[in-house]
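In what follows, a single structure is set out as structure tokens and then discussed.
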Amino acid sequence: MGTANHSLAVAWTAKFSTDTGVKARVKPSPNGYSRSAWLAEGEGRLALSQASTYFDKMDAALGFASPAAGPSDTRLFGISAISAWGYVVRGNSDIKSLDDIGPGTRIAYAESTPFLAAGIDALLAYRGLEKSDVSLIEVGSYSANTTVLTEERADVTFTGPLSGINYQAEATPGGIRWLPLPERSDNPEAYDRYRKILPGYSPGINQTGTESSIGILLDHSFQDYHVRGDEDEEFVYQLYKWTVEHHDEYKDDYVHAKMMSLENLVKYLDQGALEPLADGTIRYLKEVDLWKPEYQARQDALIALAERQVEAFRAAVDEARERGITVQQGDQEWIDLWKEYRVSHDIPLSFGNAVRALD
Numbered sequence: 014m015g016t017a018n019h020s021l022a023v024a025w026t027a028k029f030s031t032d033t034g035v036k037a038r039v040k041p042s043p044n045g046y047s048r049s050a051w052l053a054e055g056e057g058r059l060a061l062s063q064a065s066t067y068f069d070k071m072d073a074a075l076g077f078a079s080p081a082a083g084p085s086d087t088r089l090f091g092i093s094a095i096s097a098w099g100y101v102v103r104g105n106s107d108i109k110s111l112d113d114i115g116p117g118t119r120i121a122y123a124e125s126t127p128f129l130a131a132g133i134d135a136l137l138a139y140r141g142l143e144k145s146d147v148s149l150i151e152v153g154s155y156s157a158n159t160t161v162l163t164e165e166r167a168d169v170t171f172t173g174p175l176s177g178i179n180y181q182a183e184a185t186p187g188g189i190r191w192l193p194l195p196e197r198s199d200n201p202e203a204y205d206r207y208r209k210i211l212p213g214y215s216p217g218i219n220q221t222g223t224e225s226s227i228g229i230l231l232d233h234s235f236q237d238y239h240v241r242g243d244e245d246e247e248f249v250y251q252l253y254k255w256t257v258e259h260h261d262e263y264k265d266d267y268v269h270a271k272m273m274s275l276e277n278l279v280k281y282l283d284q285g286a287l288e289p290l291a292d293g294t295i296r297y298l299k300e301v302d303l304w305k306p307e308y309q310a311r312q313d314a315l316i317a318l319a320e321r322q323v324e325a326f327r328a329a330v331d332e333a334r335e336r337g338i339t340v341q342q343g344d345q346e347w348i349d350l351w352k353e354y355r356v357s358h359d360i361p362l363s364f365g366n367a368v369r370a371l372d
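The sequence shown runs 14 to 372 under our numbering.
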């Protein structure tokens, strides 16, 4: 709730239900961990994701460290939006750049939302700081991640300019200001530490969202919907076909619905897919003569990586159970076992970096 993607989902599913008579329910989730678990357990047929979230899931990182939420075979259904992400301060803040973040800075930290937490982890890595060097202000929701800034309880947060909560923040007295992402040439070592944690993003000048963010160099991600790898191909094909062929009917129902387009899926593929596509989506792309041999080669490589990761995770979970180790976030025995298993079986410690190595 309170996110651009929730509003977008309500917009297109309402039109879909009216047009087809098929009831579509948008189920808000508290975080990316629950979305992954819900999809795996069949509580939903589509789940919001993005490359960074997919990478964390495939690494069984943080809250993805569970049999339900961890590595599993899911496929990209379609693009929901292209969203910028970056660091925000109050309009009157003395913080002008990432280099101004230092010991004692109060930073909003949404540990329950993996990509938001990763954004802060990347910021600290860029600055060469530990969590203990700063004051982490823990928040429990996406909206609170911004509210804590406008209420002056935090000095900086990581968020996106498409979200309604950030339009509200911009309208507060003093407003907000977006910190530009440094160029790699400014500090290559710091930038590489940052990018190692956020491999699923690409930098670019922002063109959408809050007025204060326009023209600022920010990271960008393709946000998308995932389905289970074993989801019915006909269902995926027919639903994706509907979203494309009826796009004109819902693209003006929400300010960012224009981005949920076939053109943006092709743009994503041309940049080098970071997640494998669903068979039904590929079927539609072939039907409209948009599927290319290079897309298929990338698809095959992504599936091969994913299959190895899922197989390794399941084997590690089985070993953990045999040894009486609980597979859950924060269990050091499990963390050590999962790392050791990957090292001994030549499984990448960073799934995202393994995907980026395909470029």
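Just so it is clear, CB atoms sit at the ideal spot from N, CA and C, and this is done for glycine as well.
By the neighbour-count criterion, in which 16 or more other beta carbons inside 10 Å mark a residue as buried, residue 120 falls on the buried side. Its Cα nearest to that of residue 73, the residue 327 stands out among 327, 316, 233. Counting along the chain, the unbroken alpha helix (DSSP H) around residue 20 starts and ends at 17-33. Counted as a single uninterrupted DSSP element, the stretch harbouring residue 87 is not any alpha helix (DSSP H) but the beta strand (DSSP E) occupying residues 87-103.
By the CB criterion at 8 Å, residue 76 and residue 212 fall outside the cutoff.
Rounded to the nearest whole angstrom, the CA to CA distance from residue 92 to residue 300 is 18 Å. Taking all protein chains in view, the Cβ of residue 336 is surrounded by fewer than 16 other Cβ atoms within 10 Å, so the residue is classified as exposed. Contact annotation: residue 24 and residue 267 have beta-carbon atoms nearer than 8 Å.
Here residue 82 is buried. Its C-beta has 16 or more other C-beta atoms within 10 Å.
Taking the Cβ atoms as the reference, residue 138 lies roughly 4 Å from residue 206, within the contact range of under 8 Å. One thing to note: residue 130 has its Cβ no nearer than 8 Å to the Cβ of residue 85. The straight-line gap separating the alpha-carbon atoms of residue 27 and residue 196 is approximately 42 Å.
If one requires a minimum length of 3 residues, the beta strand (DSSP E) runs lying completely within the region 197-259 are 215-218, 230-241, in chain order. CA-CA distance, residue 101 to residue 45, rounds to 22 Å. Contact between residue 103 and residue 189 holds, with the beta-carbon distance rounding to 6 Å and staying under 8 Å.
With a 10 Å radius around the Cβ and a threshold of 16 neighbouring Cβ atoms, residue 30 comes out exposed.
Following the DSSP letters along the chain, one finds residue 63 inside the beta strand (DSSP E) bounded by residues 60-63. About 15 Å separates the CB atoms of residue 229 and residue 169; that is not less than 8 Å, and the two are not in contact. Residue 368 counts as buried, since at least 16 other C-beta atoms from the protein chains shown sit within 10 angstroms of its C-beta. With 16 or more neighbouring CB atoms inside 10 Å of its own CB, residue 16 falls in the buried class. DSSP, read as helix, strand or coil, puts residue 176 in coil.
Annotated three-state conformation of residue 138 is helix, per DSSP. Annotated three-state conformation of residue 304 is coil, per DSSP. No Cβ-Cβ contact shorter than 8 Å links residue 180 with residue 221.
Beta bridge pairing from DSSP links residue 149 with 120.
Excluding its 5 nearest sequence neighbours in each direction, residue 174 has C-beta neighbours in its own chain below 6 Å: 97, 222, 223, 226, listed in chain order. With a threshold of 16 other beta carbon atoms within 10 Å, residue 219 meets it and is buried.
Where residue 189 is concerned, the enclosing beta strand (DSSP E) starts and stops at 189-192.
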